[in-house]
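Number of protein chains: 2
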Amino acid sequence: MKNFHYHMPVDLFFGQGQLQQLAPQMKRFGNRVLLVYGGGSIKRNGIYQQIMDIFAQEQISFWELSGVEPNPRLETVVRGVELCREHQIELVLAVGGGSSIDCAKVVAGSVQYDGSPWDIVLDSSLAQDVLPIGVVLTLSATGSEMDPMAVITNTQLNLKYGVGHPDFIPKFSILDPTFTYSVPASQTAAGTADMMSHTFENYFTLQDGAFISNRLAEAVLQTCIQYAPIALREPDNYEARANLMWASSLAINGLLKYGKDCPWSVHAMEHALSAYYDVTHGVGLAILTPAWMEYILDDTTAQMFADYGYHVWQLERSLDTMSAAKAAINKTREFFASLGIPMSLRQLGIPEDMLETMAKSAPKGGNTINGVKPLHWQDVLNIYKMAY
Amino acid sequence: MKNFHYHMPVDLFFGQGQLQQLAPQMKRFGNRVLLVYGGGSIKRNGIYQQIMDIFAQEQISFWELSGVEPNPRLETVVRGVELCREHQIELVLAVGGGSSIDCAKVVAGSVQYDGSPWDIVLDSSLAQDVLPIGVVLTLSATGSEMDPMAVITNTQLNLKYGVGHPDFIPKFSILDPTFTYSVPASQTAAGTADMMSHTFENYFTLQDGAFISNRLAEAVLQTCIQYAPIALREPDNYEARANLMWASSLAINGLLKYGKDCPWSVHAMEHALSAYYDVTHGVGLAILTPAWMEYILDDTTAQMFADYGYHVWQLERSLDTMSAAKAAINKTREFFASLGIPMSLRQLGIPEDMLETMAKSAPKGGNTINGVKPLHWQDVLNIYKMAY
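The listed protein sequences correspond, in order, to chains L and W.
In terms of numbering that gives the first Met the number 0, the first sequence is numbered consecutively and its last residue is 387.
In terms of numbering that gives the first Met the number 0, the second sequence is numbered consecutively and its last residue is 387.
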């Protein structure tokens, strides 16, 4: 078990009706707010109006950064930074899923920095005096409501990079599962794939002795497998939406990686796709994950995948290790397919002759993704081809 | 799934060598320290000297509150409060297990209160301006290093009560598994029973829909079952000590109760024993837990215990519900016995004619313990008799 530092100071309010916490939480930081949201789903489902009512009642002054893209773009961050400076913003409030939250984080971190926010994406130590960040979550997926990470896309450079900073942890997050009732089936499925992928990235490591963290990861995976199908059948099933929402936070808030070295593999490969083709992140992950599993399956990794099969998919212990590993990988692919996710890169409209370009851009700042098995760009290309 | 508030702002440093964090963490709060510890095991195993060296090097002024009892007593708290006032203490640093930490918490909370610290045990809202609390953990058991709770014994009134306050969460906790290598077998066993009991108290509830929290609880239980026997056989097995140490924190830091109503039952029954006879807390819990399970086992609770058996003890699914429940209870008793814990109240030297007196004092401030099944004092007496 590796050494670690636990530090997760967010105040998180979970459950139906918790929007009542918004006013007292905002007032801890001021009453000049930048409201960050996406394409307008919060207007259709009524959450925007509820927040307007609270702003009016509490005499909150606010400015809007709307239209944040599913893969939030640098130019949107720049627009938010300008709004913060112009209006002396005291709190950046994201209402939405990971895109809005990630955008809010990098906005909050860039206000006191003179250069481009892209510099901060490349080197988070440049972020000083990060503005307080608040969250009202409307999509269970990225876990950004309870972690220090953000992912930003630079369309000019065709790069999608993650960045972490301790002050990117939201000061408060409000998680009301009923706010996800109106999430469409395709996004519910993609969000589940995203949180399962976060769990996989933490879970699949070799011999680090962090038994407890691996069992916790299996708890999160079992929760996704149990409730995603229910949420698809019954979008307003509270128990399903609630379990998925909390799973999305636990998958990435650190819990599953304590005591482990987790060199994520699949996210880097997916980010290269999204940077070029605006792929839905969770869909890209669902397609790549089983291909990656198959690609790295050998005698050194078979036990790891077999254990996953025994513990998560309740495979018979009588199955030998390699057979169990293969069965677990197949179960994974079948599960994602059962959620209605298109399971090949071809179906996403990505041209085959672009695979090599994307594969070369996947390793961030080097030639190799340092995963369970190191992946050179040719390995990435092979995995892309298997997933095509 | 019930609503909840997550708030766990401790800075926790886990792993071998993390004592290097002590100096920078202390300096966040000042350099006048009350050092709180127990019967002197930290002098025998060298941890005391390591801390003395750090104090000398960093020019920390310190005063000692030593000899904290295994069930920490009100009069020791009073002594600590006086030291804090006399020497303008800025940080209360507990070095030890739950006893020292709990004592440190109530000391820290009572310095600014004019009356008896017992008032604060009865009503934590009386605690104002709680002094910062730091922890160096040397025993995996109570989880006090990562929770807002403390338990104090009033020997004059024969009462042992728990008390919680948000500012009783330590500002920092240092968890080095090697610091538990010298913990004797009996305390390793009792500590494991304590953390398993915390997990049980959170886990055994009826129909709250918190699927994910129950799966997480099973992860903690599996960890205890996996590693306690190894730690007994090989006291300096790092992997075993590390997994147990982190399990002790996760069992009670809130993770396992989010989304649930957890009306603890067995702790109240055990506290009544400890208040009269200074029973080792974990031993009392290990004895009472299987008896309590058997006492409340009926058609309404059988599924709950059966699920525990299927998921934690890998009982065959072909077993019917009631048989699985009974088998799971037996497995629990056998496991505690296998750790060398004396499994009857008689063996602890408690006189049978005192059971009724203790049973009447078990429900705190009322006639009933509001557990999975409400327990009137006669029920408590029945359970004591089953465990005798």
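Glycine included, every Cβ here is placed at the ideal spot set by N, Cα and C.
Residue j beta carbon less than 9 Å from that of residue i
i: Y36 (chain L); j: V67 (chain L); result: yes
i: T279 (chain L); j: Q186 (chain L); result: yes
i: S343 (chain L); j: I286 (chain L); result: yes
i: P169 (chain W); j: I119 (chain W); result: no
i: D146 (chain W); j: A107 (chain W); result: no
i: V110 (chain L); j: L125 (chain L); result: no
i: A184 (chain W); j: T288 (chain W); result: no
Distance, residue j Cα to residue i Cα
i: V282 (chain W); j: E351 (chain W); result: 18 Å
i: T179 (chain L); j: L231 (chain L); result: 12 Å
i: K359 (chain W); j: D306 (chain L); result: 49 Å
i: S181 (chain W); j: E233 (chain W); result: 11 Å
i: S143 (chain W); j: S60 (chain L); result: 42 Å
i: R214 (chain L); j: G163 (chain W); result: 29 Å
i: Y294 (chain L); j: A188 (chain L); result: 24 Å
i: A361 (chain W); j: S247 (chain W); result: 25 Å
i: A149 (chain L); j: M7 (chain L); result: 16 Å
i: H310 (chain L); j: A301 (chain W); result: 24 Å
i: F13 (chain W); j: D378 (chain W); result: 41 Å
i: Y5 (chain W); j: L174 (chain L); result: 11 Å
i: N30 (chain L); j: G79 (chain L); result: 17 Å
i: A326 (chain L); j: V265 (chain L); result: 20 Å
i: A323 (chain L); j: L314 (chain W); result: 21 Å
i: P476 (chain L); j: L380 (chain W); result: Look at the range of chain L in this structure, 0 to 387, and you will see that residue 476 (chain L) is not part of it.
i: I41 (chain W); j: V135 (chain W); result: 11 Å
i: D128 (chain W); j: E89 (chain W); result: 11 Å
i: K384 (chain L); j: D297 (chain L); result: 19 Å
i: A227 (chain L); j: A239 (chain L); result: 7 Å
Per-residue burial, residue i [other beta carbons within 10 Å of its own, 16 or more giving buried]
i: S317 (chain L); result: exposed
i: S258 (chain L); result: According to the sequence provided, residue 258 (chain L) is Gly. The question's Ser does not apply to it. So G258 (chain L) counts as buried.
i: T356 (chain L); result: exposed
i: Q20 (chain W); result: buried
i: G365 (chain W); result: exposed
i: L156 (chain L); result: exposed
i: R72 (chain W); result: buried
i: T367 (chain L); result: exposed
i: A267 (chain W); result: buried
i: L249 (chain L); result: buried
i: K104 (chain L); result: buried
i: S337 (chain L); result: exposed
i: A55 (chain L); result: exposed
i: S212 (chain W); result: buried
i: D122 (chain W); result: exposed
i: D101 (chain W); result: buried
i: P176 (chain W); result: buried
i: K159 (chain W); result: buried
i: K256 (chain W); result: buried
i: P116 (chain W); result: buried
i: Q24 (chain W); result: buried
i: E269 (chain W); result: buried
Start and end residues, alpha helix (DSSP H) containing residue i
i: Y387 (chain W); result: Element bounds for Y387 (chain W): n/a, residue is neither H nor E.
i: Y47 (chain L); result: 46 to 56
i: G281 (chain W); result: 280 to 295
i: I100 (chain W); result: 97 to 109
i: T390 (chain W); result: For residue 390 (chain W) there is no data in the structure shown, the boundaries of chain W being 0 and 387.
i: T367 (chain W); result: First-last for T367 (chain W): 367 to 369, but that is the beta strand (DSSP E), not the alpha helix (DSSP H).
i: I173 (chain W); result: Where I173 (chain W) is concerned, there is no enclosing alpha helix (DSSP H), although the beta strand (DSSP E) it sits in stretches over 171 to 174.
The beta strand (DSSP E) enclosing residue i, as first and last residue numbers
i: R27 (chain W); result: It is not in any beta strand (DSSP E) - R27 (chain W) carries neither H nor E in the DSSP assignment.
i: E144 (chain W); result: Neither: E144 (chain W) is in no beta strand (DSSP E) and is coded neither H nor E.
i: S248 (chain L); result: Segment 237 to 249 is the alpha helix (DSSP H) holding S248 (chain L); no beta strand (DSSP E) there.
i: M303 (chain W); result: Note, M303 (chain W): premise wrong, no beta strand (DSSP E); alpha helix (DSSP H) at 301 to 311.
i: H164 (chain L); result: Careful: H164 (chain L) lies outside any beta strand (DSSP E) and carries neither H nor E.
i: Y5 (chain W); result: 3 to 13
i: G133 (chain W); result: 132 to 136
i: S124 (chain W); result: Unbroken run through S124 (chain W): none, as it is neither H nor E.
Residue i Cβ short of 8 Å to the ligand NAP heavy atom set
i: K330 (chain L); result: In the structure shown, the ligand NAP is absent, as is every other ligand, since no ligand is present at all.
Which residues, in order along the segment 221 to 237 of chain W, keep a beta-carbon less than 9 Å from a beta-carbon of chain L? Interface annotation for the segment 221 to 237 of chain W against chain L: Q221, T222, Q225, Y226, Y237, criterion Cβ-Cβ distance under 9 Å.
Scan the segment 3 to 29 of chain L for residues whose Cβ lies nearer than 9 Å to a Cβ of chain W and list them as they occur along the chain. Of all residues in the segment 3 to 29 of chain L, only F3, H4, Y5, H6, M7, P8, V9, D10, L11, F12, F13, G14, Q15, G16, Q17, Q20 come within less than 9 Å of chain W when Cβ atoms are compared, listed by chain position.
Along the segment 307 to 327 of chain L, what residues have a CB closer than 7 Å to any CB found in chain W? Under the 7 Å Cβ criterion, the segment 307 to 327 of chain L contributes no residue.
Contact residues within the segment 252 to 269 of chain W, judged by C-beta distance below 8 Å to chain L: Listed in sequence order: L254, Y257, G258.
Scan the segment 186 to 217 of chain L for residues whose Cβ lies nearer than 9 Å to a Cβ of chain W and list them as they occur along the chain. Within the segment 186 to 217 of chain L, the qualifying residues are G208, A209, F210, I211, S212, N213, R214, L215, A216, E217.
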